[in-house]
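**Student:** Got a structure here, written out as structure tokens. Questions coming.
Numbering (the UniProt record's numbering), first residue to last: 1 to 461.
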């Protein structure tokens, strides 16, 4: 494989993707000549141009020009014109994960893995390490408000990165600290069985240095907890319900903030206040406390930084307030995430929780249909729309109407099916009422409906 320290011109196929642009940004900041291509223009491609990248819209062999290395992700098909040309010209082609491993080699890497909570936990860690003055390098899977981006090149010794388990590529990493938030039956198109998923996370822990490495593990997650007797590396645990090294207690809401005390081995470290709701965010914060303290950052510094944290983009992100209606967007697209997010919304007060959900991928919807059917019980009103395919071919009979019937049969709850975004917008304008919390949810483009509703009704903010 090419040594990226010995090249100066790198081309990214699919540079506008959230994971690819994070890597591209780092290499731009490092002084590399960066070019790339994407299928369509976006705010991300525009920002990359502003930073100095040569970005082409559409794929063509001519886009490669004088590239010395080409970076791809698992989303790039083998028939891609630029990928074919790179191979014909014998230009080294590396996976995004290999480029990330190269970046992680610049310092002590803190890798955050898990089916859910990776982006928020990575973002919390980034906020803590930045405010502590350690000047970390950050590579995060979603945009965060304090960066206005999802990556930054720092001058300090730590590299905080979101580890991608979706295609097994996180097993290339050798982190200094490995955080595992949870293990779930996701990305089954790659793993095939849940046993294979669990085995991959076990191997990820074993990638830690046997002397200096540390695993930070969520004891509240049954599958993570079941791994503990087999872990051969130093580890600490965190949780709310389970016995753990780091534990949260005295949980409540005060003036709109989620507040709780943090204990380490039953000794009170102090209180924490978060601007993001839900027990899942308590767990994300506990993981952050455990990892940051192991790097020498004091609890008071951690608590202060987390009190300033307002979430990552598309993670319970407020889109606006109109007619006393609160419009929020969230990236949740797996049944476990959906249940956690809706539970958090329910815990926040007397709002009627109105959920608009766009399923993501036909294969996931088909495989997890039974789990999806029971994931929305905390919603007072549920509106389902058609599936965001994310490049997949449709599966006959698997669509929004199919999932609607599954939910009705499983729970009997109040659910409607509206196929289009225009239809969803009209539905909201006709049916939303004061004190509603409208939650658009999914990994596709459902957020556009909430934005359109706020724009149409006239935002109060």
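Where a beta carbon is used, it is the ideal one built from N, C-alpha and C, also for glycine.
Whose C-beta lies closer than 7 Å to the C-beta of residue 231 among residues of the same chain, with five residues either side of it excluded?
**Tutor:** Along the chain shown, read from residue 1 onward, the residue named residue 231 stands at position 231. Cβ within range, chain order: 205 and 215.
**Student:** How far does the alpha helix (DSSP H) with residue 441 in it reach, from first residue to last?
**Tutor:** Sequence index remark: in the chain shown, residue 441 carries index 441 (1-based). Run containing residue 441: none in the alpha helix (DSSP H); it sits in the beta strand (DSSP E), 436-441.
**Student:** Assuming residue 274 contacts residue 291 under a Cβ cut-off of 8 Å, what Cβ separation, rounded to an integer in Å, is found between them?
**Tutor:** Your numbering for residue 274 matches position 274 in the chain shown. Your numbering for residue 291 matches position 291 in the chain shown. Not quite, the Cβ-Cβ distance comes to about 16 Å (not below 8 Å), so this is no contact.
**Student:** At which residues does the alpha helix (DSSP H) containing residue 408 begin and terminate?
**Tutor:** The sequence position of residue 408 within the chain shown is 408, counting from 1. First-last of the alpha helix (DSSP H) with residue 408: 400-411.
**Student:** Along the chain, where does the beta strand (DSSP E) containing residue 162 start, and where does it finish?
**Tutor:** Taking the first residue of the chain shown as 1, we reach residue 162 at position 162. It spans 158-162 - the beta strand (DSSP E) in which residue 162 sits, taken as one unbroken run.
**Student:** Is residue 235 helix, strand or coil when you go by DSSP?
**Tutor:** Locating residue 235 in the chain shown gives position 235, counting from the first residue. Residue state, collapsed to three classes: strand.
**Student:** Quick check: the Cα distance between residue 169 and residue 239, rounded to an integer number of angstroms?
**Tutor:** Sequence index remark: in the chain shown, residue 169 carries index 169 (1-based). Sequence index remark: in the chain shown, residue 239 carries index 239 (1-based). Approximately 27 Å, taken between the alpha carbons.
**Student:** For residue 176, which residues of its own chain have a beta-carbon under 6 Å away from its beta-carbon, when the five flanking residues on both sides are left out?
**Tutor:** Residue 176 sits at position 176 when you count from the first residue of the chain shown. Excluding positions up to five away in sequence, the list reads 108 and 109.
**Student:** List, from N- to C-terminal side, the alpha helix (DSSP H) runs of 4 residues or more that fit wholly inside the UniProt domain "Mur ligase N-terminal catalytic" (9-104).
**Tutor:** Runs found: 18-29, 43-50, 81-88 and 96-104.
**Student:** Is it right to say residue 461 is buried, meaning 16 or more other beta carbons lie within 10 angstroms of its own, or is it exposed?
**Tutor:** Position 461 of the chain shown, counted from the first residue, corresponds to residue 461. At residue 461 the pLDDT is 44, less than 50, meaning the model places this residue with poor confidence and gives no usable figure here.
**Student:** Just to confirm, is the Cβ distance from residue 462 to residue 405 under 8 Å?
**Tutor:** Outside the displayed span of the chain (1 to 461) sits residue 462, for which this structure offers no information.
**Student:** Report the partner residues of residue 257 according to the DSSP bridge assignment.
**Tutor:** Indexing the chain shown from 1 puts residue 257 at position 257. Paired residues: 254.
**Student:** Using the C-alpha atoms, what's the distance from residue 403 back to residue 36?
**Tutor:** Along the chain shown, read from residue 1 onward, the residue named residue 36 stands at position 36. Along the chain shown, read from residue 1 onward, the residue named residue 403 stands at position 403. Rounded to the nearest angstrom, the two C-alpha atoms are 38 Å apart.
**Student:** Counting C-beta neighbours from all protein chains within 10 Å, is the total for residue 420 16 or more, i.e. buried, or is it exposed?
**Tutor:** Here residue 420 corresponds to residue number 420 of the chain shown, with the count starting at 1. Under this definition residue 420 is an exposed residue.
**Student:** Run through the stretch 118-150 for me and flag every whole alpha helix (DSSP H) of 4 or more residues, listed as ranges in chain order.
**Tutor:** Within the stretch 118-150, the complete alpha helix (DSSP H) runs of at least 4 residues are 118-131.
**Student:** Excluding the 5 residues flanking residue 203 on each side, which residues of the same chain have their C-beta closer than 7 Å to its C-beta?
**Tutor:** On the chain shown, position 203 is the one that residue 203 refers to. Hits under 7 Å: 171.
**Student:** Judging by CA-CA distance, which residue of 359, 40 and 341 is the nearest neighbour of residue 353?
**Tutor:** Here residue 353 refers to the residue found at position 353 when the chain shown is read from its first residue. Comparing Cα-Cα distances from residue 353 to each of 359, 40 and 341, the minimum goes to 341.
**Student:** Identify which residue in 389, 447, 456 and 429 has its Cα closest to the Cα of residue 75.
**Tutor:** Translated into the one-based positions of the chain shown, residue 75 becomes position 75. Residue 75 has its Cα closest to that of 389, out of 389, 447, 456 and 429.
**Student:** Between the Cα of residue 297 and the Cα atoms of 29, 135, 225 and 15, which residue gives the shortest distance?
**Tutor:** Here residue 297 is taken as the residue at index 297 of the chain shown, counted from 1. The option with the nearest alpha carbon to residue 297 is 135.
**Student:** Just to check, is the beta-carbon of residue 385 closer than 7 Å to a non-hydrogen atom of the ligand ATP?
**Tutor:** Only the bare structure without any ligand can be found here, which leaves the ligand ATP out of the picture.
**Student:** Quick one: Cα of residue 17 to Cα of residue 412, how far?
**Tutor:** Taking the chain shown and counting its residues from 1, the one referred to as residue 17 is at position 17. Taking the chain shown and counting its residues from 1, the one referred to as residue 412 is at position 412. Spanning the two alpha carbons is a distance of roughly 38 Å.
**Student:** Throw me the rounded Cβ distance for the residue 415 and residue 367 pair, which I believe falls under 8 Å.
**Tutor:** As a working note, residue 415 is residue 415 in the chain shown. As a working note, residue 367 is residue 367 in the chain shown. About 20 Å separates the two Cβ atoms, so there is no contact after all.
**Student:** So, residue 162 versus residue 128, is the Cβ gap smaller than 8 Å?
**Tutor:** Reading the chain shown from its first residue, position 162 is the one you call residue 162. Reading the chain shown from its first residue, position 128 is the one you call residue 128. No; because the gap between Cβ atoms is not below 8 Å, this pair is not in contact.
**Student:** Out of 68, 451, 141 and 91, which one is the CA nearest neighbour of residue 23?
**Tutor:** Taking the first residue of the chain shown as 1, we reach residue 23 at position 23. Residue 23 has its Cα closest to that of 141, out of 68, 451, 141 and 91.
**Student:** Which class does residue 449 belong to by DSSP, given the choice of helix, strand or coil?
**Tutor:** Residue mapping note: residue 449 aligns to position 449 of the chain shown, counting from 1. Helix, per DSSP.
**Student:** Report yes if the C-beta distance between residue 328 and residue 446 is below 8 Å; otherwise report no.
**Tutor:** Residue mapping note: residue 328 aligns to position 328 of the chain shown, counting from 1. Residue mapping note: residue 446 aligns to position 446 of the chain shown, counting from 1. No, Cβ-Cβ distance for residue 328 and residue 446 is not below 8 Å.
**Student:** Around the C-beta of residue 25, are 16 or more other C-beta atoms found within 10 angstroms, so that it is buried, or is it exposed?
**Tutor:** Walking along the chain shown from the start, residue 25 turns up at place 25. Its Cβ being crowded by 16 or more others within 10 Å, residue 25 is buried.
**Student:** Taking Cβ positions, are residue 492 and residue 13 nearer each other than 8 Å?
**Tutor:** Nothing can be reported for residue 492: it is not among the residues displayed for the chain, which extend from 1 to 461.
**Student:** Have a look at residue 295 and residue 267 and give me their C-alpha separation to the nearest angstrom.
**Tutor:** As a position in the chain shown, residue 295 is number 295, starting the count at 1. As a position in the chain shown, residue 267 is number 267, starting the count at 1. Each residue's alpha carbon lies about 19 Å from the other.
**Student:** How would you call residue 59, buried or exposed, if buried means at least 16 neighbouring beta carbons within 10 angstroms?
**Tutor:** In the chain shown, counting from the first residue as 1, residue 59 sits at position 59. Classification of residue 59: buried, given that the 10 Å Cβ count is 16 or more.
**Student:** Roughly how many angstroms separate the alpha carbons of residue 105 and residue 33, rounded to a whole number?
**Tutor:** What you label residue 105 is simply residue 105 of the chain shown in a count that begins at 1. What you label residue 33 is simply residue 33 of the chain shown in a count that begins at 1. Going from the Cα of residue 105 to the Cα of residue 33 covers about 20 Å.
**Student:** Under a Cβ-count criterion, where at least 16 other Cβ atoms within 10 Å of its own Cβ denotes burial, should residue 454 be classed as buried or exposed?
**Tutor:** Your numbering for residue 454 matches position 454 in the chain shown. With 16 or more Cβ atoms within 10 Å of its Cβ, residue 454 is classed as buried.
**Student:** What are the start and end residues of the beta strand (DSSP E) that includes residue 423?
**Tutor:** Here residue 423 refers to the residue found at position 423 of the chain shown. From DSSP, residue 423 is part of no beta strand (DSSP E) but of the alpha helix (DSSP H) over 421-431.
**Student:** Roughly how many angstroms separate the alpha carbons of residue 306 and residue 397, rounded to a whole number?
**Tutor:** Within the chain shown, the letter at position 306 stands for residue 306. Within the chain shown, the letter at position 397 stands for residue 397. Distance between the alpha carbons of residue 306 and residue 397 is about 45 Å.
**Student:** Consult DSSP for residue 191 and reduce its assignment to one of helix, strand or coil.
**Tutor:** As a working mapping, residue 191 is identified with position 191 in the chain shown. In this structure, residue 191 counts as helix in the three-state DSSP scheme.
**Student:** Measuring alpha carbon to alpha carbon, tell me which of 209, 190 and 121 ends up nearest residue 179.
**Tutor:** By one-based count along the chain shown, residue 179 stands at place 179. Considering only alpha carbons, the answer is 121.
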